[in-house]
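Numbering (this note's numbering), first residue to last: 1 to 211.
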């Protein structure tokens, strides 16, 4: 099951992967998250794996950052992730099995200019995930994080080559990551091969940050 807010992207995903279920949903609407999880669980006849990958950024220097910019990023990136975990884990407890993978960011570890709100939200996900991992370890439910660095995307495609060269020079592997680098890590943490791993953050950044 894949969810998102943009119909066009969901339709493209369905076209490329016909066997996948898609469902349009906006995670910023906290009042609908429990109902959303119920809907997903019903369609899939159960819920075993949750991958939280949605998020926003509203960058600004701290003295210029509006309270709304702070609150909205924290509310969506951290608040929505918590609620999705909460209601999904309720389903997983019934199955006595579950895998939760929360996508964070290198910025949650290093900070970044103009991203106090984003960094706080991603660092918060890491701390929250560790706490949840402790709570549910005995229930055969693991909670882990994947922390990407700079990943090749449409956004990075628009970066001028001179700036892109500066970015890659800071990466020991001298290249941007790929979506597959991240998805392969998520697949591993979702599998039985990672059944004894919980409360961990796996960095996917080409060596840019080694924490």
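In this text, a Cβ means the ideal position worked out from N, Cα and C, and glycines have one as well.
A quick note: this is a predicted structure, and the numbers were derived from the prediction, not measured.
Please state whether DSSP places residue i in a helix, a strand or coil.
i           : result
residue 132 : helix
residue 165 : helix
residue 72  : helix
residue 28  : coil
residue 123 : helix
residue 84  : helix
residue 111 : coil
residue 160 : coil
residue 199 : coil
residue 39  : helix
Would you grab the beta carbon distance between residue i and residue j for me? Rounded to a whole angstrom, and I think it's under 8 Å.
i           : j           : result
residue 126 : residue 201 : 6 Å
residue 206 : residue 177 : 6 Å
residue 217 : residue 13  : Limits of the chain in this structure are 1 at one end and 211 at the other, which puts residue 217 out of reach.
residue 37  : residue 97  : Actually they are not in contact, since the Cβ atoms of residue 37 and residue 97 sit about 16 Å apart, beyond 8 Å.
Please name the residue in the options whose C-alpha comes closest to that of residue i.
i           : options          : result
residue 225 : 84, 116, 161     : Any question about residue 225 goes unanswered here, given that the chain covers just 1 to 211.
residue 52  : 103, 151, 15     : 103
residue 63  : 174, 117, 6, 139 : 117
residue 173 : 204, 82, 86      : 204
CB residue i to CB residue j, shorter than 8 Å?
i           : j           : result
residue 33  : residue 27  : yes
residue 59  : residue 4   : no
residue 143 : residue 199 : yes
residue 9   : residue 77  : no
Point to revise | Cβ contact check for the stretch 101-118 and the stretch 142-160: 3 or more pairs under 8 Å | key: yes
Practice item. Determine, using beta-carbon pairs with one atom in the stretch 82-102 and one in the stretch 48-60, whether at least three such pairs fall under 8 Å. Key: yes
Check your understanding: Is the stretch 71-82 close to the stretch 160-168, with three or more CB pairs under 8 Å?
Key -> no
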